Every structure is written in structure tokens, then in C-alpha cells.
Amino acid sequence: MLRSTLLAASRSGAIRGLVERTPLTRPVVRRFISGDDVDAAVATTGEVVADGRHVTLDHLGEDTRDAAQATATVEAYLDLLRRLELAGHTGRAEVSVKLSAVGQTLPSDGEKIALENARRICVAAGAVGTTVTLDMEDHTTTNSTLGILGELRVDFPWVGAVVQSYLKRTEQDCRDLAHAGSRVRLCKGAYKEPASVAFQDKGDVDRSYVRCLKVLMAGEGYPMVATHDPRMIKVAGDLAGDRSPDSYEYQMLYGIRPDEQRRIAAAGNRMRVYVPYGNEWYGYFMRRLAERPANVAFFLRSLITT
Ligand code: FAD
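Numbering-wise, the UniProt record's numbering puts 73 at position 73 of the sequence shown, and it's gapless, one number per residue.
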């Protein structure tokens, strides 16, 4: 119930102003967001890579209805990629892109604009020797996002996909994507989805996650195991069997279980941290609150006590 309410609020303006304009919330927000700008993003990358972890950076923003805003997001990624190269981080840092931030949801020609914008980011990433992963958003965009992924992979075969185990279609998507060279991030899914397309019960989502892991680990691609769930991490390690440690990776979000991130990296695994930055943090932050009731209590307490 609380999860549904928070996820509904994450897509509406109803409490957005209150959450965003309350300066007291900032320390709570900063647990999950690296900072406002590219300087903060590069500084956080430096800290994370220093202890052996890898990074994927997200310039925050989504559901853009304005073509100029979509272009500004592309420019922000190009600037970020230049800065990562200057700082010498491109061996360990890639970028994650939400297609709805670069045009997918524009009222006309959205898919075409998103493809061209994503292509510009891929060209820049390839030029500095790193990769791009396309985040997955709500189920109404899944076909479009996988279609754009396919087009991009013709020229940039290293572009990563994301699949969400809460969607009933995802096991089949994993089969389709588990081919040589295919980078696939498996997560549980963070949006409010109807029962017609998504498992509603946490046990069903977890069982689907395991089935998808089996497909990806048995396939020829490069699985990216994105979860904080100790049980899923254990299953992934078991299923990896004699795969070499550089043929798959673990991923977690910035600010969540950082000690576990370091432990997994120190054990010789590749661990990548998803680092979001920028001013458009509202939707991302609300999804993090929705994932864990304790985060809501923490947030509300900070309003009273900070
Ligand atoms: P859960 O069962 O939700 O959590 C397991 C445990 O992890 C919890 O008991 C708790 O200890 C800890 N935990 C989980 N969430 C939090 C939190 N917010 N705060 C504090 N502790 C927490 N979703 C998408 O829909 N599209 C994407 O493109 C996408 N990309 C992602 C990229 C990465 C690298 C990661 C790690 C997640 C991504 N997600 C994405 C989010 C994902 O779908 C889940 O919503 C999120 O990871 C929580 O699920 P979980 O697997 O950690 O398991």
C-alpha cells in the first residue's frame, strides 16, 4: 500500500514541490544522490573506483516533454564523458541513460529523437572507450526501449540492456538477449505496474529473478546482477559456477549496502555502483523510498529533527 502510494506520487506533481523545496530533506536525499552537478559526479566516481569498485553514472531526469530539455540531457552526458576521460576513469566508469530523458516520451517523433540522441551519447562513449546501458522504465516503454537497443547494437554492440523480473515477459526477453557479447542488467523492477503484466507478490518476483538469472548465467552474454538482496546475490554466485569473474558483474545503487559492495569487490568480483547526479532527483528518490519502508521513516524523521 505504502509502496503503491509512493510510486504513484513519484509520477505526479502532487507532493513534488513539497519534497523538492524542503531544504531539510537534502541530507536524506544525499544518501542516494551523489550531488547536483558533474563535479560531484566525477568526485564520487573517484571515491568509488579508489577501492576497486566500478561505476555507472545516471544524469537524473525522466519523462521529458520538451525537445530542448532532451538535447540538454545529451549535452550533459557528453560533458560527463569528457570529464570522466580527463579524470582517467573511463576504464571503470560507464553511463546509464533513460530514453525518456532523451526524447522517448516527446509527443511527436519521440522514438526517433530518442534513438538519435542515444546514438550521440554512444558515439561519445565509444570515443573515450567506455559503454552505455539503457535503463528500463515502466512497461509501456519496454518494446520501444528494446527496439532502440537493437538499433543501437548494430553500430555499438556493447550497449547494455536492462530487464525487470517483475514483468511476466522478462524470462523470454532474457532468452532473446542471452547471446554472445550481450550485456544485460537484471533487476527486480522499480515502477508501479498492473497485474496484467507484472507479478504483484514479492515471492513471485524473486522466483522470476532466479529463473532469469539461470537463463542469463547459462547463456553467452554478460550478466549484470543488479540487486541488494543477499539471497539473489548468493544464487547468482552459485549459478556463475566456473564462469570467470570478468564474465559477469554485480551492481548496486549508490548509498545502499556500501559495505557489502566493498566486500563483494574485495572478494575478487566486479562490483559496479549506479551513481545518480543532478537536480531532477524527485522520481528516483521516491522510488528509493518506496523500496523500503524504513527509508520513509528516516525521511520523515529528518523533517522533524534536522
Ligand atoms: P529488494 O527485495 O527490494 O531488497 C533487498 C534488500 O536490499 C532489502 O531488504 C534492503 O536491505 C536492501 N534495499 C533494497 N532497496 C533499498 C533501498 N531503497 N534503501 C535501502 N535498502 C534497500 N529498476 C528499474 O525498474 N529499471 C532500471 O533500469 C533499474 N536499474 C537499476 C540499476 C541498479 C544497479 C540497481 C541495483 C537497481 C536498479 N533498479 C532498476 C532498481 C531495482 O529494480 C529495484 O527496485 C531495487 O534494486 C530494489 O530491489 P532489490 O533487488 O535490491 O531487492
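We put the beta carbon where it would ideally sit given N, CA and C, even for glycine.
Predicted model only: the values in this text are computed from it and were never measured.
Measure the C-alpha to C-alpha separation of residue i and residue j and round it to an integer number of angstroms.
{"i": "residue 276", "j": "residue 60", "result": "6 Å"}
{"i": "residue 128", "j": "residue 90", "result": "7 Å"}
{"i": "residue 41", "j": "residue 249", "result": "22 Å"}
{"i": "residue 187", "j": "residue 86", "result": "31 Å"}
{"i": "residue 210", "j": "residue 161", "result": "18 Å"}
{"i": "residue 252", "j": "residue 36", "result": "20 Å"}
{"i": "residue 72", "j": "residue 183", "result": "27 Å"}
{"i": "residue 131", "j": "residue 158", "result": "6 Å"}
{"i": "residue 6", "j": "residue 298", "result": "15 Å"}
Could you check which residue in the options has the C-alpha nearest to that of residue i?
{"i": "residue 141", "options": "193, 19, 245", "result": "193"}
{"i": "residue 13", "options": "63, 38, 99, 29", "result": "63"}
{"i": "residue 126", "options": "146, 20, 155, 221", "result": "155"}
{"i": "residue 102", "options": "252, 44, 70", "result": "70"}
{"i": "residue 200", "options": "166, 212, 54, 92", "result": "166"}
{"i": "residue 96", "options": "106, 75, 135, 68", "result": "135"}
{"i": "residue 171", "options": "191, 214, 19", "result": "214"}
{"i": "residue 291", "options": "260, 153, 20, 228", "result": "228"}
{"i": "residue 195", "options": "169, 185, 219, 212", "result": "169"}
Assign residue i to buried or exposed, taking buried as 16 or more other Cβ atoms, counted over all protein chains shown, within 10 Å of its Cβ.
{"i": "residue 279", "result": "exposed"}
{"i": "residue 230", "result": "exposed"}
{"i": "residue 51", "result": "exposed"}
{"i": "residue 207", "result": "exposed"}
{"i": "residue 65", "result": "exposed"}
{"i": "residue 94", "result": "buried"}
{"i": "residue 285", "result": "buried"}
{"i": "residue 112", "result": "exposed"}
{"i": "residue 224", "result": "buried"}
Starting from residue i, follow the beta strand (DSSP E) in both directions and report where the run begins and ends.
{"i": "residue 77", "result": "No beta strand (DSSP E) contains residue 77, which is instead part of the alpha helix (DSSP H) from 67-86."}
{"i": "residue 119", "result": "First-last for residue 119: 110-127, but that is the alpha helix (DSSP H), not the beta strand (DSSP E)."}
{"i": "residue 251", "result": "249-253"}
{"i": "residue 164", "result": "161-164"}
{"i": "residue 272", "result": "271-277"}
{"i": "residue 56", "result": "54-59"}
{"i": "residue 284", "result": "Premise fails: residue 284 lies in the alpha helix (DSSP H), 282-291, not in any beta strand (DSSP E)."}
{"i": "residue 217", "result": "That residue, residue 217, is in no beta strand (DSSP E); its alpha helix (DSSP H) goes 202-218."}
{"i": "residue 308", "result": "Outside the displayed span of the chain (1 to 306) sits residue 308, for which this structure offers no information."}
{"i": "residue 42", "result": "Taken as a continuous stretch (DSSP letters only), residue 42 belongs to no beta strand (DSSP E), being part of the alpha helix (DSSP H) at 38-50."}
{"i": "residue 197", "result": "No beta strand (DSSP E) contains residue 197, which DSSP labels as neither H nor E."}
Locate the alpha helix (DSSP H) running through residue i, then write down its first and last residues.
{"i": "residue 261", "result": "258-266"}
{"i": "residue 93", "result": "No alpha helix (DSSP H) contains residue 93, which is instead part of the beta strand (DSSP E) from 93-97."}
{"i": "residue 231", "result": "230-240"}
{"i": "residue 145", "result": "142-155"}
Is it a yes or a no for the segment 228-247 touching the segment 172-185, going by three-plus beta-carbon pairs under 8 Å? These segments do not touch.
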